[in-house]
Amino acid sequence: MKKIFLAILILFISVSSSFAESRITLAELTGTVGVQMEEFVKEVIHDSNESNTALIILQLDTPGGLVSAMRGIVQSILSSRVPVAVWVPSGGRAASAGAFIVEAAHIAAMAPGTNIGAAHPVTAGGGNIESGDMDKKVVNDLKAQMRSVVQLRGRNETLTANMIDESISLTANEALRERVIDIIAGDVSSLIKAISGRRIKMGQNNFLTLEFDSEVKVSRARMSFSEQIIQFVSSPEIAYLLITGGLMAIFFEVITPGGFMLGILGGVMFLLGAIGLKMLPFNWAGVVLIIAGIIIMAIDLIAGTMGVLILLGLPIFCLGGIFLFRAPGGELLSISLTVIIGIAIALAICFALVAFLVIKGFRRKVTTGSQGMLGLEVNIISDISESKTGQVMCHGEIWQARTESGVINSGESGIVKKLDGMTLIIAAK
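Everything in the sequence shown is counted per the numbering used here, starting at 1040 for the first residue and increasing by one.
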């Protein structure tokens, strides 16, 4: 019996010491929960499982994102052989899809001043999805997903379900008090200290005690530059801004030719926006409505309808933004109506300004060409009459001229009334 006890004690000490000597991997997850974040988490967890890693810390700050990407991240956490802690840093949040990721972690942690929750599915415009069977189906599916991970981690089922049913959001202190999370820590070192000595469940009947000393090595896993670009442009608001901004820049390049910078900038913006859309469950109807709205407003400038078509194009443009991300998989993905309305107002001001400049240009007196000569004052160099052509000085140039009627003598002044080919027709001043 003593030998068995001694063997167990030696095994426990060896496991604890091995974790003390191992490293911790810290990965920062910021922005929309999307395909790029999912792939990055999978890569971090795979590499950590293959190396001598004692703990993975996912530093999470997200407004939410794709259901499919959230499920992929949750599955990666649940299948990890290395314990995973998800920590919301100061000033961050774990909203919508982020709440599921936090609850899936072996250790759920938040910093003071953060919040978690608001996981009810919404449309791309931020409102509730359609009522009826579809609403119930989506909500019940998400509640089952949340319930499965919360039961596994032994946290508060009722309150996490209310995050989906009632879109409640909790502060860090409220979440700890209600057993929605396990730890409050203000920084990484405090988090590691709080985790050290905790006994966590890794499998059905497999428990593990984590022990870390102050010298434990923390290595950071970072996205590559290209991955960071994709993560940035795959935000719904950023993709929307890039698409609309690119289209506008290309349009103004077409109507004001002569340079290439605006067109090149518009092309790059549109391309980046298209990359972002590819990473999101977008709806082609939204893209068509956005393009149609801009074209209708552009026709207003070309046809000179005094803003009538702009008033028609703006609502179509706004509808495009609302419908852009209404597609399966985007139930937890939202684009702020404030962003859509703000862009629409800026677009309206831009078109109105261009329309004003065009109208002003039409009303301005012509100062070039033959039409620009009319009304100019001339100095008579040699006598001219209706039948006699002479020379006059006009605008610093010498012209051949004659009168409409009567005679104007040399040294006098006259006014250009019209042109007869290259001959000025002069009236007495």
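In this text, a Cβ means the ideal position worked out from N, Cα and C, and glycines have one as well.
Bear in mind that the values here come from a model prediction, so they are computed numbers and not experimental data.
Should residue i be labelled buried (16 or more other beta-carbon atoms within 10 Å of its own) or exposed?
i       : result
Thr1153 : buried
Gly1193 : exposed
Gln1075 : buried
Thr1377 : exposed
Ala1163 : A caution first: Ala1163 carries a pLDDT of 43, below 50, which makes its placement in the model unreliable, though a value can still be read off. Buried: at least 16 other Cβ atoms inside 10 Å.
Ser1170 : Low confidence applies to Ser1170: its pLDDT is 48, below 50, so where it sits in the model is not reliable enough to give any reading.
Thr1197 : exposed
Val1106 : buried
Pro1354 : exposed
Arg1132 : buried
Ala1337 : buried
Thr1407 : No answer about Thr1407 holds up, because its pLDDT of 49 lies below 50 and its placement is not dependable.
Ala1183 : exposed
Leu1350 : exposed
Gly1460 : exposed
Glu1292 : buried
Thr1462 : exposed
Val1431 : buried
Gln1190 : exposed
Glu1443 : exposed
Ile1303 : exposed
Glu1254 : exposed
Asn1418 : exposed
Met1318 : buried
Ala1134 : buried
Phe1321 : buried
Leu1348 : buried
Leu1316 : buried
Locate the beta strand (DSSP E) running through residue i, then write down its first and last residues.
i       : result
Asp1459 : 1452-1459
Glu1142 : Not the beta strand (DSSP E): Glu1142 falls in the alpha helix (DSSP H), residues 1136-1143.
Asn1322 : Unbroken run through Asn1322: none, as it is neither H nor E.
Val1417 : 1416-1419
Gly1193 : Per DSSP, Gly1193 belongs to no beta strand (DSSP E) and is neither H nor E.
Met1149 : 1146-1149
Arg1432 : Per the sequence presented here, residue 1432 reads as Met, with Arg not at that position. Counting along the chain, the beta strand (DSSP E) containing Met1432 begins and ends at 1429-1433.
Glu1425 : Per DSSP, Glu1425 belongs to no beta strand (DSSP E) and is neither H nor E.
Arg1062 : 1062-1069
Glu1436 : 1436-1442
Val1127 : 1123-1127
Thr1092 : 1092-1100
Thr1462 : 1462-1467
Asn1154 : 1154-1156
Assuming residue i and residue j are in contact, meaning their beta carbons sit under 8 angstroms apart, how far apart are those beta carbons, in whole angstroms?
i       : j       : result
Ser1119 : Ile1063 : The pair is not a contact, with the Cβ atoms about 14 angstroms apart (cut-off 8 angstroms).
Ile1146 : Val1121 : About 12 angstroms; that fails the 8 angstroms criterion.
Leu1281 : Gly1325 : Contact flag wrong, Cβ pair sits at about 14 angstroms.
Ala1066 : Ala1260 : 4 angstroms
Leu1099 : Ile1140 : 6 angstroms
Gly1230 : Ile1222 : Note that residue 1230 is Leu in the sequence shown, not Gly. With 8 angstroms as the limit, Leu1230 and Ile1222 qualify as a contact, their Cβ atoms being about 7 angstroms apart.
Ile1155 : Ala1138 : 5 angstroms
Ala1093 : Leu1249 : 7 angstroms
Leu1415 : Lys1457 : Rounded, the Cβ-Cβ distance is 12 angstroms, inconsistent with contact.
Pro1128 : Ala1211 : Contact flag wrong, Cβ pair sits at about 11 angstroms.
Gly1126 : Ala1224 : According to the sequence shown, residue 1126 is Trp rather than Gly. Rounded, the Cβ-Cβ distance is 7 angstroms, consistent with contact.
Gly1453 : Ala1467 : 6 angstroms
Ala1383 : Cys1357 : 5 angstroms
Ile1203 : Ala1158 : 5 angstroms
Ala1136 : Gly1104 : 5 angstroms
Gly1070 : Ser1274 : 6 angstroms
Arg1441 : Ile1423 : 5 angstroms
Gly1352 : Gly1381 : That pair is no contact at about 17 angstroms.
Grab the span of the alpha helix (DSSP H) containing residue i for me, first residue to last.
i       : result
Ala1086 : The amino acid at residue 1086 is misidentified as Ala; the sequence shows Asp. That run of the alpha helix (DSSP H) goes 1074-1089.
Thr1197 : 1196-1204
Ala1214 : 1211-1216
Leu1348 : 1347-1362
Gly988  : As shown, the chain starts at 1040 and ends at 1468. That puts residue 988 outside it, with no answer to give.
Is any heavy atom in the ligand NAP found nearer than 6 angstroms to the beta carbon of residue i?
i       : result
Met1318 : The ligand NAP is absent from the structure shown, which contains no ligands of any kind.
Residue ranges of each alpha helix (DSSP H) within the stretch 1223-1295, 4 or longer: Runs of alpha helix (DSSP H) with 4 or more residues, each lying fully within the stretch 1223-1295, are found at 1227-1234, 1264-1272, 1275-1294, listed in chain order.
Per the contact definition of three or more C-beta pairs closer than 8 angstroms, is the stretch 1242-1251 in contact with the stretch 1286-1293? Between the stretch 1286-1293 and the stretch 1242-1251 there are fewer than three inter-stretch CB-CB distances shorter than 8 angstroms, so the stretches are not counted as touching.
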